[in-house]
Amino acid sequence: SEINAQERPAWAKETKEQKEKRMKWWTDARFGMFIHWGLYAVPARHEWVKYYERIPDKEYEKYFNLFDPDLYNPKQWAAKAKEAGMKYFVITTKHHEGFSLWDTKYSDYKATKTPAGRDLIKPMVEAFRAEGIKVGFYYSLIDWHHPDFEIDASHPPTPQGKDEREAANKGRDQKKYQAYMKNQLTELLTQFGPIDVLFTDFSYDGKGHKEWDSENLLKLIRKLQPNIIVNDRLDLNDTDWGWDIKTPEQFMPREWLTVKGEKVPWETCQTFSGSWGYHRDENSWKSVPQLIAMLIETVSKGGNLLLNVGPTARGEFDERANERLEGIGAWMKQHSRSIYGCTQAPDSFKVPQNCFLTYNPEKKRMYIHLMQWPFKSLHLEGFKGKFKYAQLLNDGSEIKFYSPTKEGSHTTETTKDGDVILNLPVQKPNVE
Ligand code: JFZ
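Those letters in the sequence shown? Residues -5 to -1, 1 to 427, by mature numbering (1 follows the signal peptide of the UniProt record, and there is no 0).
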């Protein structure tokens, strides 16, 4: 993709150090809450239900007329996020279905016009901010409802044939849709105070930086919120100024993500059960230990985890989501020191078997996460002489250690000279 090589504004010339400083709160936070909420919570069978089931606008209208979140209490949502140890949240202000959760001036397809009868974003932002949680907005570039969004082979879902598409595109003007996005983003980035993260979604074969007018979108975004952290879905990936974070989705990379050989800030977003929007019948919910392992693995590779909740049509978190948030929170209460401010351990420390390492470079603390409890001895390679004290994190109790010598009682042919051995209790302590 060719990108206009005109003079960049100041933010595009930001140095690596300046960028790191701007993003420090985010790299320290490591753990956030994604929230997918919209009309699709009513059918409760995936946020892509309109697409998957080829539901025409007229029929989808019934979910608009039935959207009545009478149990919506964003203070409870924020309390749940806080309890789970999440430091930022990202809400779908508008998903692909095109429905706006705030009182936008530029469309009637908004929460205000449903039985909800009000702006749902403002109280949410206030509730999370009151808990000290940073605010992120997800904004869908794809729009299955807007009359000017040009139809391509993938979006909106109908019609499918090339001729049909051309006919249906008569009267559609993507330029007008671009203006609509700018207007909506201007509202979102001026009417709700400082916005810390913007998650745009997404570019694909049919549409990219040209169709979104991404360069000008980004200029507007940076002008309105100079400190905002922007993801990588505007199709400005070939540049080093068009994004702040890489966002693989429902995917765990093998190692720290790199661009042109350089480690870059990255965030994996993950679901509890597969769907992002509330899905009543999904039976593929991940367990609490799985989710904790996911968080640890992410941080051990220098990334952030954005874990998703899909609230119900009545405005509550599903009980299955609450159980998991509470379980993660119980673990975080004792172990969050191994998450916040942590990153991948320096390469000189070899990762012990069945472990993940996370490392706090400011405090110079190493955290060894034992995913399987070993029998008494944990062999550490590359650690010798690099630490003075070891303790369990859950209760702060001391762990004794020794370095085997050729003469020592534990010497075997396989003991390496640089090894340190931790003396662990035979029984795993009673924690997650
Ligand atoms: C998108 C959405 O379609 C989905 O509903 C959800 O909101 C998710 C967070 O984002 O899905 C994507 C976007 C990008 C990729 C894959 C799925 N991608 O780049 O591979």
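We put the beta carbon where it would ideally sit given N, CA and C, even for glycine.
1) Grouping DSSP H, G and I as helix and E and B as strand, with all else coil, what is Asp200?
2) Under three-state DSSP, which class holds Glu78?
3) Measuring only the C-alpha atoms, how far is Leu184 from Met176?
4) What residues match up with residue 461 in a beta bridge as DSSP calls it?
5) Among the candidates Leu136, Thr353, Pro189, His330, whose CA atom is the shortest distance from the CA of Ala340?
6) Given a cut-off of 7 Å, decide if Gly188 and Ala148 are closer than it, judged by their beta-carbon atoms.
7) Under 6 Å: does the beta carbon of Glu277 sit that close to some heavy atom of the ligand JFZ?
8) Where DSSP assigns a beta bridge to Arg360, which residues make up the other side?
9) According to the Cβ coordinates, are Gly413 and Lys379 closer than 7 Å?
10) Using DSSP with H/G/I as helix, E/B as strand and the rest coil, what is Met327?
11) Have a look at Arg332 and Met361 and give me their C-alpha separation to the nearest angstrom.
12) Please list, in chain order, all residues of the same chain as Ser135 whose beta carbon is under 6 Å from its beta carbon, the five residues on each side excluded.
13) Under a three-way DSSP split, which group does Gln367 fall into?
14) Determine, for Ile128, whether the minimum Cβ-Cβ distance to residues of chain D falls below 7 Å.
15) Any contact between the stretch 45 to 62 and the stretch 9 to 27? By contact I mean 3 or more CB pairs, one from each, below 8 Å.
16) Secondary structure at Gln13, three-state DSSP: helix, strand or coil?
17) Give every residue of the same chain whose Cβ lies closer than 7 Å to the Cβ of Ala163, excluding the five residues on either side of it in the sequence, and list them in chain order.
18) Shorter than 6 Å, the distance from the beta carbon of Asp233 to the closest heavy atom of the ligand JFZ, or not?
19) What are the complete beta strand (DSSP E) segments, minimum 3 residues, inside the stretch 283 to 351?
20) In whole angstroms, give me the CA-to-CA distance for Ala(-1) and Phe84.
21) Ser342: which of Glu376, Asp313, Ser372 sits nearest, CA to CA?
22) Note down, one range per segment and in chain order, each alpha helix (DSSP H) of at least 4 residues found wholly within the stretch 20 to 66.
23) Suppose you measure from the CA of Val294 to the CA of Arg160; what does that come to, to the nearest Å?
24) Looking only at C-alpha atoms, which of Lys358, Glu357, Leu373, Trp326 sits nearest to Lys345?
25) Is DSSP giving Val421 helix, strand or coil here?
26) Measure the C-alpha to C-alpha separation of Lys82 and Leu320 and round it to an integer number of angstroms.
27) From which residue to which residue does the alpha helix (DSSP H) around Lys395 run?
28) Tell me the DSSP secondary structure of Thr185 in three-state form.
The relevant details are as follows:
1) Reduced to three states, the DSSP call for Asp200 is coil.
2) Secondary structure of Glu78 (DSSP, three-state): helix.
3) Near 12 Å, if we compare the C-alpha coordinates of Met176 and Leu184.
4) In this structure the chain extends from -5 to 427, so residue 461 is not present and cannot be described.
5) Of the candidates Leu136, Thr353, Pro189, His330, the one whose C-alpha sits nearest the C-alpha of Ala340 is Thr353.
6) No. Outside cutoff.
7) Flag unset: Cβ of Glu277 not near the ligand JFZ.
8) Answer is Asn355, bridged to Arg360.
9) At a Cβ-Cβ threshold of 7 Å, Gly413 and Lys379 count as neighbours.
10) Note: Met327 maps to helix in three-state DSSP.
11) Taking the straight line from one Cα to the other gives about 10 Å.
12) Same-chain partners within the cutoff: Lys89, His90, His91, Asp196.
13) In the structure shown, Gln367 falls within a coil segment according to DSSP collapsed to helix, strand and coil.
14) No chain D is part of this structure, which consists of one protein chain only.
15) Between the stretch 45 to 62 and the stretch 9 to 27 there are fewer than three inter-stretch CB-CB distances shorter than 8 Å, so the stretches are not counted as touching.
16) In the displayed model, Gln13 falls within a helix according to three-state DSSP.
17) The beta carbon of Ala163 sits closer than 7 Å to those of Ile146, Pro154, all from its chain and outside the five residues before and after it, given in chain order.
18) No - the ligand JFZ has no heavy atom lying nearer than 6 Å to the Cβ of Asp233.
19) Here the runs fully enclosed are 299 to 304.
20) Annotation note: pLDDT 49 at Ala(-1) (below 50); position unreliable, coordinate value reported separately. Straight-line Cα distance between these residues: approximately 34 Å.
21) Just to set this straight, residue 342 is Asp in the shown sequence, not Ser. Checked all of Glu376, Asp313, Ser372; the closest Cα to Asp342 is Glu376.
22) List check, alpha helix (DSSP H) in window: 44 to 47, 52 to 61.
23) Their Cα atoms are separated by approximately 45 Å.
24) Per the Cα distances, Leu373.
25) Looking at Val421 - three-state DSSP - the assignment turns out to be coil, as it is neither helix nor strand.
26) In a straight line, the C-alpha of Lys82 is about 13 Å away from that of Leu320.
27) Lys395 -> no alpha helix (DSSP H), and no H or E assigned at all.
28) Helix, per DSSP.
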